[in-house]
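Remarks on the structure that follows.
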Amino acid sequence: MPAPTMSTRRLIPIGPDPVVVVTTSAPTAAAVAPQPILAPAPPPPPSAAPVHTPIPATAVPRMRVHYIDWIRLWLTVMVVWHHCILINVAGWWPLAKSWNVDSGSIIAGSVLLIFDQGFFMGLFFFMSGLFAGPSLARKGVTRFLKDRFLRLLLPIVIYELLLAPLQLVLVSAALGLGDVSFSGIYRYYFANYVYPNNPLWFCALLLLFELLYLVAMHATGAKPGQRRYATTSAEAFTPSQLVAWLALWSLGLGAITFIIRIYFPIGLFVPVLGQLAYLPQYLFAYIMGHLAQQRDALARAPTGACVGSSAFAAVGFAAVTAGVLSSTPETPALFTAGTNGRQLLMSVVEQAYAVTVSAAILMIFRDRYNGAPNRIWMRLIGAAYAVYIIHPLVVAPLYVPFIKWAVVGWFKWIVLFVLATLLSWLIGVAAKLVPFIDRVL
């Protein structure tokens, strides 16, 4: 009896549809020989929970992270909001005090300032660290330094030499102080010069961090922007892992902040370094931005753990703050410096609030607001840095007409905030249309 022939099917991709070709051939001895019947492989055991494995970094094309743009826009709005409250509650340079503010608005404004200041500038530093490594890897040291000097150092110089005196002129004119000359204000400004008196302390401190980062890269020989999981997939963090890390960071950062504030209380400014009372948080946030980029941490963090931790920390921070406010004689010391247990508790819960709320904001925007902005929003986002720089020139003079307005203080700062935000963005968008300025801002 002749051995049976074997048929094979192969696909030849011709045109839009593959062509199936059937060929025959004589079987080999191995094919004719009886084959043992193998038991089917047992199914894999079901996993306790699905494991999210992000796409390897090398498989992801370089693209813009839109939710970071939205956070940057939102934080800039918060900066304007913060200073509109500050100038109403306590005064803001060059206005050394506030006028006609009721005690209820002062308390409410002070609480809002505490909660704002607790995290939002640290989140700015985190986002700066997040993109510093890839920027250095893409541009090289020379272009990276040129870009940082252009975008950070030049605005500081221009503001200190030109915009700050102009702000004094605008406020003096709004107050109706008679003959106001720019030359006279200029001489007065430098005769009483104090640095910093404007939000560009952030630019100075960030420039210092960037220079230290370059030194660290050179000393260690590390490659900037290199991702730890560039060739292998990385699993998502479990909620317990993330909560443990957030708690550890909060305790460590709170302890360091407590020690720093014994010698450098809140409100004490140091040139370039700003308020040393917040320096540990800012440096920590900048470093964590680098580490988050290297480990793809923002894609791996679970939203629920971040939001839950932030809610818990915010309640704790609110409870401790309420306790501090209720102890009126000791309130200033507890908020600025001290060596007692309550000051230590205040420092720890404040930094826990900062760490967890920042993480929650990043996750919420990642999940809900990662869409590409349209042309109008893109212009507003692009003008955010310009708004950050020029908004003091808007807020301070614009506040002067509000001084004698006989309404409650919180209503003043809301109206001031709306007007200052609109005007600041109009100026910022217009400034971005100027050829050279758009490279700086």
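Plus 24 on top of the position in the sequence shown (first one is 1) and you've got our numbering.
Heads up, the beta-carbon is just placed ideally off N, CA and C, and yes, glycines get one too.
- Apart from sequence neighbours up to five positions away, the residues of its chain that approach Arg172 with a beta-carbon distance below 7 angstroms are Leu231, Glu234, ordered along the chain.
- In terms of Cα proximity to Val294, the closest of Tyr219, Met387, Ile131 is Tyr219.
- According to the DSSP assignment, Arg403 belongs to the alpha helix (DSSP H) that extends over 399–406.
- Taking the Cα of Asp140 as reference, the smallest distance to any Cα among Thr445, Val411, Thr100, Asn364 is reached at Thr100.
- The beta carbon of Phe168 sits closer than 7 angstroms to those of Ser159, Leu160, all from its chain and outside the five residues before and after it, given in chain order.
- Taking 9 angstroms as the cut-off, the Cβ atoms of Gly313 and Met145 do not count as close.
- Taken through DSSP and simplified to helix, strand or coil, Val294 comes out as strand.
- The beta-bridge partner set that DSSP reports for Gln375 is empty.
- Between the region 315–325 and the region 258–266 there are three or more inter-stretch CB-CB distances shorter than 8 angstroms, so the stretches are counted as touching.
- The DSSP-derived three-state label of Leu176 is helix.
- Inclusion of Leu187 and Ile414 in the CB contact set at 9 angstroms is warranted, their separation being smaller than that value.
- Closest by C-alpha distance to Phe435, out of Gly395, Asn112, Ala335, is Asn112.
- When rounded, the separation of the alpha-carbon atoms in Ile283 and Leu270 is 20 angstroms.
- Ranked by Cα distance from Asn221, the options Thr445, Arg463, Ala420 are led by Ala420.
- Per DSSP, the continuous alpha helix (DSSP H) segment holding Leu277 begins and ends at 263–287.
- Secondary structure at Trp225: helix, using DSSP grouped into helix, strand and coil.
- For Asn112, the enclosing alpha helix (DSSP H) has its first and last residue at 90–113.
- DSSP, reduced to helix, strand and coil, places Trp449 within a helical segment of the structure shown.
- The beta carbons of Leu229 and Leu297 sit closer together than 9 angstroms.
- For Leu119, the three-state secondary structure derived from DSSP is strand.
- Secondary structure remark: continuous beta strand (DSSP E) runs of at least 3 residues inside the region 178–206: none found.
- For Ala329, the CB contacts under 7 angstroms within the same chain, skipping 5 residues up- and downstream, are Pro263, Leu266, Val267 in chain order.
- Contact check between the region 376–383 and the region 333–351: three or more CB pairs, one atom from each, fall below 8 angstroms, which counts as touching.
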